[in-house]
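Enquirer: Sequence lines, in order, name chains A and B. Position one of the first sequence corresponds to residue 4 (the working numbering), numbered consecutively onward. Position one of the second sequence corresponds to residue 4 (the working numbering), numbered consecutively onward. Using N, Cα and C, we set each Cβ at its ideal position, and we do this for glycine too. Quick one: the structure is below, questions incoming.
There are 2 protein chains.
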Amino acid sequence: MAEATIRDVARRAQVSVASVSRVLNGFERVSDATRERVIEAVTALSYVPHAAARSLSMARTHSIGIVLPDLHGEFFSELVRGMDRVANDRGYLLLLSSLHPGNRIGFSPLSALRGRVDGAIVMAPHLNEQELSDILPKGFEVVLLNTRGGAHDCPVITLDNASGAEAVARHLVAIGRKRLVHIAGPAGNADAQERADAFCRVLHGYSDVLVETVQGDFSEDSGGAAIAALLQAGREFDAVFAANDNMAIGALQTLREAGLKVPEDVGVAGFDDVPMARHLGLTTVQVRIAQLGEHGLTALLDRIEGRGAPSHMLHPVELVVRATTGEPR
Amino acid sequence: MAEATIRDVARRAQVSVASVSRVLNGFERVSDATRERVIEAVTALSYVPHAAARSLSMARTHSIGIVLPDLHGEFFSELVRGMDRVANDRGYLLLLSSLHPGNRIGFSPLSALRGRVDGAIVMAPHLNEQELSDILPKGFEVVLLNTRGGAHDCPVITLDNASGAEAVARHLVAIGRKRLVHIAGPAGNADAQERADAFCRVLHGYSDVLVETVQGDFSEDSGGAAIAALLQAGREFDAVFAANDNMAIGALQTLREAGLKVPEDVGVAGFDDVPMARHLGLTTVQVRIAQLGEHGLTALLDRIEGRGAPSHMLHPVELVVRATTGEPR
DNA sequence: ACGGACCGTGTAACCGGTTACATGTCCTAG
DNA sequence: CTAGGACATGTAACCGGTTACACGGTCCGT
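Okay, structure coming up:
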């Protein structure tokens, strides 16, 4: 049984394809008799319009590309969930594409979306401006998420990393911590950089507070390893701020295994508020990720549909204080 | 700047559109001179073929629909990650679609995929056979994931609940437990049923082992409540197998609050291996979700590309022994 | 020298929709 | 009575690719 086409429907309803198309698209100028016959034929043949054909003639796909560096973890699923809500409301579908480095060079995965999407949301915090320019397609609207994008004309939405990190810094000072450690994210990652910068900037305002930065890579293991190295080196500290929750969790575990008490001996804070954070009582910076997704997709669709959207937006974050940063000793 | 079309390329390269198409699709019968001119023109115009047009004429989209009940949590992200790997390898894109009940009735979200995908992976554990039939489209290949689908001609992939539960049963017996409790999942859930059946079946083979089943609903609270009720009733037992990790975690907490030692007094095991399980040292049955995604997509693509795939497949699971089931007392 | 196989290339039909424009009918105003 | 407008509908071009088929030129064997 081959799929019915609009011409099959027209034949059965004894009308022209134009009339069928008009009925299906809710066009007004159709007589009731025609409309009825068309509807009868459509249901009888269980006709469904062919999306590719429609896209081709209308130059509109009603899908949106989502291009992300990695498709894993709660962050990803939350982001997509938020976008899915908006997409559903506004009649769009989401096309997923991961941007892992191994993709065939010289052929941007983004351009593969031409003719498939009306626009795309791109998140590529690991790329620099140059690399970004190389992959950005000319053919459709793009909104950047959490990505350095100063030099481009597409809107950018970034996390308000600075105020999050500042809030953590102030909180740690407020509860009396003096010797702080920051476990940074991977070098070259914009978010990691902003968090580290803001954290240190605030702390330099306090003459009696020391801060030391060590390297991590956003993985749980790297957080644990960083702390282990510090302990082995005999360093003393009374609080740790990791650039994300994963590393904070790793740090937490290593600290406890080393016999240190959290928060009594060492306070720990992270960034992201992954679900596990609540379970472990981890102080962290809450990022409403689903909302970030909604936010980004809404901006993109507004642009596509003509209503302009502002070109740079900060997505708010909020400090959540839990058990791992207790009161002053 | 409008997008370049294949005719623009042909004009610039002084050849026909057919030749351009041949070069782009790696067709052999093209002279080197022609090939060079085409390539020059393509790069000069930074031409990218229009996916919708290509889909239309080839009746092939190289995308796959993924239809899921919900887009959240680690399960979803893992599943998608696995599929993404396969999709990338084999040159497909993933089109995401959630199946929340609110979708316009009488118009299946699946049929909206016509002309957009070559096939779809559908996961709808909450639908019965009838509801499922109603939404399944005729136009393209479908693979069902973890969904009752006996009556349909599309392949189904389900978890191997039975061997997982059997492994747990054998393990508990092997470490010397004699009085077991099973916290079952919600009535009517196929996975829960299979786990309970297999668990009890194995244990009935041991004359000196007792097993008692209590009801749960997959939630953490229900696991705790079930154990609390047993303790209150003065029941004695030395091991608990919950039908999923959530309930196992609830049980664990309640046992400890009651002053019982795990694993010394009572062993605890779950099912799923959620990330938290590793953290809590929970013995459980690992379901490699990413691999399930790979598995499902591979089967679908094989079908689409002609190599037939078996119609019903069990996805393997594996017992992971951790701290909550220790050695015999 | 000639017929045919083979090769590279171009022309045009086709995929399945949308829509500008033409057509025909009926109604009404001058 | 008729010109012209409003309306319902049909015809055919178009979106941007792919590809069956036609065509002309080489090279070969006889």
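In three-state terms, what does DSSP make of serine 222 (chain B)?
Expert: Position 219 of the second sequence holds residue 222 (chain B). Residue state, collapsed to three classes: coil.
Enquirer: Between the C-alpha atoms of aspartate 73 (chain B) and isoleucine 292 (chain B), what's the straight-line distance to the nearest angstrom?
Expert: Taking the second sequence and counting its residues from 1, the one referred to as residue 73 (chain B) is at position 70. Taking the second sequence and counting its residues from 1, the one referred to as residue 292 (chain B) is at position 289. Near 15 Å, if we compare the C-alpha coordinates of isoleucine 292 (chain B) and aspartate 73 (chain B).
Enquirer: Count the other C-beta atoms from every protein chain shown that fall within 10 angstroms of the C-beta of threonine 46 (chain A), then say buried if there are 16 or more, exposed otherwise.
Expert: Along the first sequence, one-based indexing puts residue 46 (chain A) at 43. Threonine 46 (chain A) comes out exposed.
Enquirer: Start and end of the alpha helix (DSSP H) containing leucine 263 (chain A)?
Expert: Against the first sequence, residue 263 (chain A) aligns to sequence position 260. No alpha helix (DSSP H) contains leucine 263 (chain A), which DSSP labels as neither H nor E.
Enquirer: Can you name, in chain order, every residue of its own chain whose Cβ lies under 6 Å from the Cβ of histidine 282 (chain A), other than the five neighbours on each side?
Expert: Taking the first sequence and counting its residues from 1, one reaches residue 282 (chain A) at position 279. The answer is none, since no qualifying residue turns up.
Enquirer: Taking only three categories from DSSP, how would you classify leucine 303 (chain A)?
Expert: Reading the first sequence from its first residue, position 300 is the one you call residue 303 (chain A). Reduced to three states, the DSSP call for leucine 303 (chain A) is helix.
Enquirer: State buried or exposed for leucine 317 (chain A), treating a residue as buried only when at least 16 other CB atoms are found within 10 Å of its CB.
Expert: Start at 1 with the first residue of the first sequence, and residue 317 (chain A) comes out as number 314. Flag for leucine 317 (chain A) reads exposed.
Enquirer: Looking at the C-beta of glycine 142 (chain A), does it have a partner C-beta in chain B at a distance below 7 Å?
Expert: As a working note, residue 142 (chain A) is residue 139 in the first sequence. Interface residue, yes.
Enquirer: Between the segment 85 to 96 of chain B and the segment 83 to 103 of chain A, do three or more beta carbon pairs fall short of 8 Å?
Expert: Touching, per the Cβ criterion.
Enquirer: According to DSSP, is isoleucine 108 (chain B) part of a helix, a strand, or is it coil?
Expert: Mapped onto the second sequence, residue 108 (chain B) falls at position 105. Note that isoleucine 108 (chain B) scores 44 on pLDDT, short of 50, meaning its location in the model is unreliable and no value can be drawn from it.
Enquirer: Taking only runs that begin and end inside the segment 146 to 230 of chain A, name each unbroken beta strand (DSSP E) of 3 or more residues, in chain order.
Expert: For the segment 146 to 230 of chain A, whole beta strand (DSSP E) runs of length 3 or above, ordered along the chain, are 159 to 162, 182 to 187, 213 to 218.
Enquirer: Please report the residue range of the alpha helix (DSSP H) in which leucine 48 (chain B) lies.
Expert: Start at 1 with the first residue of the second sequence, and residue 48 (chain B) comes out as number 45. Its alpha helix (DSSP H) spans residues 35 to 48.
Enquirer: Is the beta carbon of isoleucine 230 (chain A) closer than 7 Å to that of alanine 254 (chain A)?
Expert: Stepping through the first sequence from its first residue, residue 254 (chain A) is reached at position 251. Stepping through the first sequence from its first residue, residue 230 (chain A) is reached at position 227. In this structure, isoleucine 230 (chain A) lies closer than 7 Å to alanine 254 (chain A) by Cβ.
Enquirer: Between the segment 79 to 104 of chain B and chain A, which residues of the former have CB atoms less than 8 Å from a CB of the latter, in chain order?
Expert: Residues Phe79, Ser80, Glu81, Val83, Arg84, Asp87, Asn91, Leu96, Leu97, Leu98, Leu99, Ser100, Ser101, His103.
Enquirer: Does histidine 318 (chain A) come out as helix, strand or coil in the three-state DSSP assignment?
Expert: In the first sequence, residue 318 (chain A) corresponds to position 315, counting from 1. If DSSP states are grouped into helix, strand and coil, histidine 318 (chain A) belongs with the strands.
Enquirer: Give the straight-line distance between the Cα atoms of valine 51 (chain B) and proline 319 (chain B), rounded to the nearest whole angstrom.
Expert: The residue you call residue 51 (chain B) lines up with position 48 of the second sequence. The residue you call residue 319 (chain B) lines up with position 316 of the second sequence. Each residue's Cα considered, the two are about 42 Å apart.
Enquirer: Quick one: which chain A residues come within Cβ less than 8 Å of leucine 74 (chain B)?
Expert: Taking the second sequence and counting its residues from 1, the one referred to as residue 74 (chain B) is at position 71. Going along chain A in sequence order, the residues near leucine 74 (chain B) (Cβ under 8 Å) are Ser80, Val83, Arg84, Asp87.
Enquirer: Does the beta carbon of alanine 21 (chain B) sit closer than 7 Å to a beta carbon anywhere in chain A?
Expert: Translated into positions along the second sequence, residue 21 (chain B) becomes position 18. Chain A contact via Cβ: absent.
Enquirer: Could you give the first and the last residue of the continuous alpha helix (DSSP H) run that contains serine 80 (chain A)?
Expert: Working through the first sequence from its first residue, we reach residue 80 (chain A) at position 77. Serine 80 (chain A) -> alpha helix (DSSP H) spans 76 to 93.
Enquirer: Under 7 Å between the Cβ atoms of glycine 329 (chain A) and proline 278 (chain A)?
Expert: In the first sequence, the residue the question calls residue 329 (chain A) occupies position 326. In the first sequence, the residue the question calls residue 278 (chain A) occupies position 275. The answer is no: Cβ separation not under 7 Å.
Enquirer: With 7 Å set as the bound, which would you pick, yes or no: does the beta-carbon of glutamate 6 (chain B) sit closer than that to a beta-carbon of chain A?
Expert: Here residue 6 (chain B) is taken as the residue at index 3 of the second sequence, counted from 1. At least one chain A Cβ lies under 7 Å of glutamate 6 (chain B).
Enquirer: Could you tell me the alpha carbon to alpha carbon distance between isoleucine 108 (chain B) and leucine 322 (chain B), rounded to whole angstroms?
Expert: On the second sequence, residue 108 (chain B) is found 105 positions in, with the first residue counted as 1. On the second sequence, residue 322 (chain B) is found 319 positions in, with the first residue counted as 1. Any reading at isoleucine 108 (chain B) must be qualified, since the residue scores a pLDDT of 44, below 50, and its modelled position is unreliable; the value itself is stated next. Between isoleucine 108 (chain B) and leucine 322 (chain B), the C-alpha separation is close to 42 Å.
Enquirer: Taking just the CA atoms, how far does aspartate 194 (chain B) sit from alanine 13 (chain B)?
Expert: Counting from one through the second sequence, the residue named residue 13 (chain B) turns up at place 10. Counting from one through the second sequence, the residue named residue 194 (chain B) turns up at place 191. When rounded, the distance between both Cα atoms is 57 Å.
Enquirer: Secondary structure at serine 24 (chain B), three-state DSSP: helix, strand or coil?
Expert: Against the second sequence, residue 24 (chain B) aligns to sequence position 21. Three-state DSSP puts serine 24 (chain B) in a helix.
Enquirer: Does leucine 48 (chain A) have its Cβ less than 7 Å from a Cβ in chain B?
Expert: As a position in the first sequence, residue 48 (chain A) is number 45, starting the count at 1. Judged by the 7 Å Cβ criterion, leucine 48 (chain A) is not in contact with chain B.
Enquirer: Cβ of isoleucine 124 (chain A) less than 7 Å from any chain B Cβ?
Expert: Counting from one through the first sequence, the residue named residue 124 (chain A) turns up at place 121. No, isoleucine 124 (chain A) does not count as interfacial toward chain B.
Enquirer: Tell me where the alpha helix (DSSP H) around serine 60 (chain A) begins and ends.
Expert: Locating residue 60 (chain A) in the first sequence gives position 57, where the first residue counts as 1. Unbroken alpha helix (DSSP H) run through serine 60 (chain A): 54 to 61.
Enquirer: What did DSSP end up calling glutamine 17 (chain A) once you bin it into helix, strand or coil?
Expert: In the first sequence, counting from the first residue as 1, residue 17 (chain A) sits at position 14. If DSSP states are grouped into helix, strand and coil, glutamine 17 (chain A) belongs with coil.
Enquirer: Could you give the distance in angstroms between the alpha-carbon of histidine 315 (chain A) and the alpha-carbon of alanine 168 (chain A)?
Expert: In the first sequence, residue 315 (chain A) corresponds to position 312, counting from 1. In the first sequence, residue 168 (chain A) corresponds to position 165, counting from 1. Rounded to whole angstroms, histidine 315 (chain A) to alanine 168 (chain A) spans 20 Å at the Cα level.
Enquirer: Over what stretch of residues does the alpha helix (DSSP H) that includes leucine 283 (chain A) continue unbroken?
Expert: Position 280 of the first sequence, counting from 1, holds the residue named residue 283 (chain A). Element bounds for leucine 283 (chain A): 278 to 283.
Enquirer: Which residues in the same chain as leucine 71 (chain B) place their Cβ atom closer than 7 Å to its Cβ, once the five residues preceding and following it in sequence are excluded?
Expert: As a working note, residue 71 (chain B) is residue 68 in the second sequence. Excluding residues within five positions, the ones whose Cβ falls inside 7 Å are Phe79, Ser101, Leu102, Met126.
Enquirer: Identify, in the order they occur along the chain, each residue of the same chain with its Cβ nearer than 8 Å to the Cβ of glutamine 17 (chain A), setting aside the five sequence neighbours on each side.
Expert: Numbered from its first residue, the first sequence carries residue 17 (chain A) at position 14. The residues are Arg40.
Enquirer: May I ask whether a heavy atom of the ligand ADP can be found less than 6 Å away from the beta carbon of arginine 93 (chain B)?
Expert: This structure lacks the ligand ADP; in fact it carries no ligand of any kind.
Enquirer: Between arginine 119 (chain A) and chain B, is there a C-beta pair that is closer than 7 Å?
Expert: The residue labelled residue 119 (chain A) in the question sits at position 116 within the first sequence. So, interface residue.
Enquirer: Please report the distance separating the alpha-carbon of glycine 311 (chain A) from that of alanine 123 (chain A).
Expert: For the purposes of this step, residue 311 (chain A) is identified with residue 308 of the first sequence, where counting begins at 1. For the purposes of this step, residue 123 (chain A) is identified with residue 120 of the first sequence, where counting begins at 1. Roughly 16 Å separates the two Cα atoms.
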